[in-house]
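Novice:
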RNA sequence: GCGCCCAUAGUUCAAUGGACAGAACGUUAGGUUCCGGACCUAGAGGCUAGAGGUUCGAGUCCUCUUGGGCGCACCA
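Residue numbers (our numbering): 18 to 573.
#1: Looking at the strands, I want to know which residues DSSP matches up with residue 304.
#2: Does the Cβ of residue 166 have 16 or more other Cβ atoms within 10 Å, making it buried, or fewer, making it exposed?
#3: Could you give the uninterrupted runs of the beta strand (DSSP E) lying entirely in the stretch 214-295, keeping only those of 3 residues or more?
#4: For my contact list, residue 195 and residue 273 are in at a C-beta cut-off of 8 Å; report their separation, rounded to the angstrom.
#5: Quick one: what's residue 190 bridged to in DSSP?
#6: Below 9 Å between beta carbons: does that hold for residue 544 and residue 456?
#7: Report the option in 143, 412, 562, 445 whose CA atom is closest to the CA atom of residue 439.
#8: Which of the three DSSP states, helix, strand or coil, is assigned to residue 204?
#9: For the alpha helix (DSSP H) containing residue 32, name the first residue and the last one.
#10: How would you call residue 334, buried or exposed, if buried means at least 16 neighbouring beta carbons within 10 angstroms?
#11: Among the residues of its own chain, which have a CB less than 8 Å from the CB of residue 104, if the five just before and after it don't count?
#12: Hey, how far is the Cα of residue 72 from the Cα of residue 372?
#13: If you measure between the beta carbons of residue 511 and residue 355, is that distance less than 9 Å?
#14: Measure the beta-carbon distance from residue 265 to residue 418 and round it to whole angstroms, keeping in mind my assumption that it falls under 8 Å.
#15: Alpha carbons only, please: which of 332, 86, 90, 141 is nearest the one belonging to residue 349?
#16: Once DSSP output is grouped into helix, strand and coil, what is the label at residue 361?
#17: Whose C-alpha, out of 366, 559, 567, is nearest the C-alpha of residue 137?
#18: List the whole-angstrom C-beta distance separating residue 205 from residue 242, where the pair is believed to meet the contact cut-off of C-beta under 8 Å.
#19: Buried or exposed: where does residue 486 fall if 16 or more other Cβ atoms within 10 Å of its Cβ makes it buried?
#20: Is the distance from the Cβ of residue 408 to the Cβ of residue 435 below 9 Å?
#21: First and last residue of the beta strand (DSSP E) that includes residue 45?
#22: To the nearest angstrom, report how far apart residue 22 and residue 45 are at their CA atoms.
#23: Is it buried or exposed, residue 464, if we count other Cβ atoms within 10 angstroms and call 16 or more buried?
#24: In three-state DSSP terms, what is residue 464?
#25: Going by the DSSP bridge assignment, what does residue 55 pair with across the sheet?
#26: Residues in its own chain within less than 7 Å of residue 368 by CB, not counting five upstream and five downstream?
#27: Smallest Cα separation from residue 433: which of 385, 123, 444?
#28: So which of 186, 288, 405 has the shortest CA-CA distance to residue 258?
#29: Any idea which residues DSSP pairs residue 108 with across the strands?
#30: Let me know if residue 321 comes out buried or exposed under the rule of 16 or more other beta-carbons within 10 Å of its beta-carbon.
#31: What do you get for residue 299, buried or exposed, if any count of 16 or more other CB atoms within 10 angstroms of its CB means buried?
#32: Please classify residue 542 as buried or exposed, where buried requires at least 16 other C-beta atoms within 10 Å of its C-beta.
#33: How do the stretch 186-203 and the stretch 149-158 stand: do at least 3 beta-carbon pairs fall below 8 Å, yes or no?
#34: What does a CB cutoff of less than 6 Å around residue 145 pick up in its chain, not counting 5 residues either side in sequence?
#35: Look up residue 146 in the DSSP assignment and say whether it is helix, strand or coil.
#36: Does residue 415 come out as helix, strand or coil in the three-state DSSP assignment?
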């Protein structure tokens, strides 16, 4: 990757000038073409030169004794880098940025690289041989999957895909909370309703309770709340997984909470903690009590005084299992209402001698929904929620996934279904998909050009890429080549929502290219090069959409 | 009371501490007898909720204020 090449070259020169520097050299794309293609702020980083501070306090001065400012240091550094083969010119600008203008021919050659890599373009091998686990959705099975829980679906799924592109072997997993009072309560509600009680008087008031009542609770049959609840929860899990499937999500493994109790894994995990002296008995119950300042007043019950295990206890066993086969990365995607749970999990993972630094939690904020301009919290108990299925039926998988993945998980979503349906045609996903369809149209037409062989396989196309000289073409190449950089960044930051922005940028560049550069009908050399460029764009776009789990249509 | 998250164009969202805060939609004015007009070009639109602070440099970090969401169970 060119960016890494530049980074290495800068780092080498920096080391030569100031001796070993342990800071990270940052090379990034510029915000404006007038700043070139890449920029580095390393000179600013290396000379924390503050006005009013004596020169002697600056790092570079200490080392070399000669540079007085970031600007001056940048000039010296730039002078040593200006002869790199990919450099067209270097500029030192502002307070001390070094701006890299890359030779056109370097960009032009990239097209061939993209075609060669094909469906692998954008991927890297950083995580090669490493294992990652991503748990997401894990919705409470006491009701249908609502749009709030559903948010974790595309986030977790797309993240898993990116990690695969990053080289990891990834397991997508789902935790099924089929245990506890909630299941019995759901069973009670179902039984009550089937006996003719009013829905709105029940603990769970959603209409699905009515449906479940007519499905499983036959009058006259001997029933208890637990068995009915169990049955209901199984049905609901099936429905939830079906909804996930409709969103394009498939799990590799489902872990029912009950299995951890039945198999003795929960007991085992608690014993492990007990051996370390982190368990204590108090008021008839068993508590997780680490000797930690943080946990002083927030010790947690793992075994209730009635002898049953808490959710947390089973989660301890689950996380112990997650770390058992030595994964390199364990990610939980949770709704933000579980944030209080996170420090406890971290404490437990550490206590079980697992490497906490490999454990990451992505919290997404709750989706609130608006009805008639009024905000309501989604709640299964009160029965006020929009199901994932409803939204899916109205806007479809692609728009739904794009919509969710546009957001930083940390931001709240206020969702108005009526507005979303009305505005679904405005969803940027169509802007992106249209670009792909347009490309396919050009490519299928180009097949009919007499005397022009269109390479059917990536890599088999050769052309004189140096004919791609307009700003539209170069701009497009520069967008295409951002994908591997982005995948690399997301592999470390987990910020999957950046992919949607990238997809829009790339589509934008394609549309502008299309308006200004003809492909079919140009002289053969140029046509061939432009077809290659269009194919490379298709590759980048299709790979991006695949990571997002969104279809790349040939026609719209 | 304690803790976590959020506040950015009319709207929906972006912006690893970097340069003049960007897109899309909407809006105003234009565009291709030619590869798909679900497109393109140009314009208007912002004290980044408010006040301090740190920094060469703050939407981003720190403190406080305001307004919202969420969590602090022998629930899951």
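For glycine and all other residues, C-beta sits at the position ideal for the given N, C-alpha and C. Quantities reported herein were computed from a predicted structural model and do not represent experimental measurements.
Specialist: A quick look at the data gives this:
#1: Indexing the first chain from 1 puts residue 304 at position 287. Beta-bridge pairing by DSSP links residue 304 to 297, 318.
#2: By 1-based counting over the first chain, the position of residue 166 is 149. Buried: at least 16 other Cβ atoms inside 10 Å.
#3: Runs found: 270-273.
#4: To locate residue 195, count along the first chain from 1; it is residue 178. To locate residue 273, count along the first chain from 1; it is residue 256. The Cβ separation is near 5 Å, so the contact holds.
#5: Residue 190 sits at position 173 when you count from the first residue of the first chain. Residue 190 is bridged to 152, 270.
#6: Along the first chain, read from residue 1 onward, the residue named residue 544 stands at position 527. Along the first chain, read from residue 1 onward, the residue named residue 456 stands at position 439. Contact flag unset, no.
#7: For the purposes of this step, residue 439 is identified with residue 422 of the first chain, where counting begins at 1. Nearest to residue 439 by alpha-carbon distance, out of 143, 412, 562, 445, is 412.
#8: As a position in the first chain, residue 204 is number 187, starting the count at 1. Judged by DSSP in its simplified three-state form, residue 204 adopts helix.
#9: As a working note, residue 32 is residue 15 in the first chain. Following the DSSP letters along the chain, one finds residue 32 inside the alpha helix (DSSP H) bounded by residues 19-35.
#10: Your numbering for residue 334 matches position 317 in the first chain. Residue 334 counts as buried, since at least 16 other C-beta atoms from the protein chains shown sit within 10 angstroms of its C-beta.
#11: Taking the first residue of the first chain as position 1, residue 104 is located at position 87. Excluding the 5 residues flanking it on each side, residue 104 has same chain C-beta neighbours closer than 8 Å at 98, 117, 118, 119, 120, in chain order.
#12: For the purposes of this step, residue 72 is identified with residue 55 of the first chain, where counting begins at 1. For the purposes of this step, residue 372 is identified with residue 355 of the first chain, where counting begins at 1. Any reading at residue 72 must be qualified, since the residue scores a pLDDT of 46, below 50, and its modelled position is unreliable; the value itself is stated next. Roughly 43 Å separates the two Cα atoms.
#13: Position 494 of the first chain holds residue 511. Position 338 of the first chain holds residue 355. Not a contact, by the Cβ cut-off of 9 Å.
#14: Stepping through the first chain from its first residue, residue 265 is reached at position 248. Stepping through the first chain from its first residue, residue 418 is reached at position 401. Indeed they touch by this definition, with Cβ atoms about 7 Å apart.
#15: Numbered from its first residue, the first chain carries residue 349 at position 332. Ranked by how close their Cα comes to the Cα of residue 349, the residues 332, 86, 90, 141 have 332 in first place.
#16: Position 344 of the first chain, counting from 1, holds the residue named residue 361. Residue state, collapsed to three classes: helix.
#17: The sequence position of residue 137 within the first chain is 120, counting from 1. Selected option, being the one with the closest Cα: 559.
#18: As a working mapping, residue 205 is identified with position 188 in the first chain. As a working mapping, residue 242 is identified with position 225 in the first chain. Between residue 242 and residue 205 the Cβ distance is about 4 Å, and since that is below 8 Å, they are a contact.
#19: For the purposes of this step, residue 486 is taken as the residue at position 469 of the first chain. So residue 486 ends up on the exposed side.
#20: Against the first chain, residue 408 aligns to sequence position 391. Against the first chain, residue 435 aligns to sequence position 418. Contact flag unset, no.
#21: Against the first chain, residue 45 aligns to sequence position 28. First-last of the beta strand (DSSP E) with residue 45: 44-46.
#22: The residue given as residue 22 occupies position 5 in the first chain. The residue given as residue 45 occupies position 28 in the first chain. In this structure, the alpha-carbon of residue 22 lies about 12 Å from that of residue 45.
#23: Position 447 of the first chain holds residue 464. The residue is exposed, with fewer than 16 neighbouring Cβ atoms inside 10 Å.
#24: Locating residue 464 in the first chain gives position 447, where the first residue counts as 1. Collapsing the DSSP output to three states places residue 464 in coil.
#25: Counted from its first residue, the first chain places residue 55 at position 38. Residue pairing by DSSP places residue 55 opposite 46, 117 in a beta bridge.
#26: Start at 1 with the first residue of the first chain, and residue 368 comes out as number 351. The residues 290, 293, 295, 307, in chain order, have a CB closer than 7 Å to that of residue 368 in the same chain once the five nearest residues on each side in sequence are set aside.
#27: Taking the first chain and counting its residues from 1, the one referred to as residue 433 is at position 416. Closest by alpha carbon: 385.
#28: Residue numbering aside, residue 258 sits at position 241 when the first chain is read from its first letter. With distances taken between Cα atoms, residue 258 lies closest to 405.
#29: As a working mapping, residue 108 is identified with position 91 in the first chain. DSSP output for residue 108 lists 116 as bridge partner(s).
#30: Here residue 321 corresponds to residue number 304 of the first chain, with the count starting at 1. Around the Cβ of residue 321, a 10 Å sphere holds fewer than 16 other Cβ atoms; the residue is exposed.
#31: Against the first chain, residue 299 aligns to sequence position 282. Residue environment: residue 299 is assigned as exposed (fewer than 16 neighbouring CB atoms within 10 Å of its CB, all protein chains considered).
#32: Here residue 542 is taken as the residue at index 525 of the first chain, counted from 1. Residue burial annotation: residue 542 is exposed, with fewer than 16 other C-beta atoms found within 10 angstroms of its C-beta.
#33: With the cut-off at 8 Å, the stretch 186-203 and the stretch 149-158 touch.
#34: As a position in the first chain, residue 145 is number 128, starting the count at 1. The residues are 184.
#35: Taking the first chain and counting its residues from 1, one reaches residue 146 at position 129. Judged by DSSP in its simplified three-state form, residue 146 adopts coil rather than helix or strand.
#36: If you number the first chain from 1, residue 415 lands on position 398. Reduced to three states, the DSSP call for residue 415 is helix.
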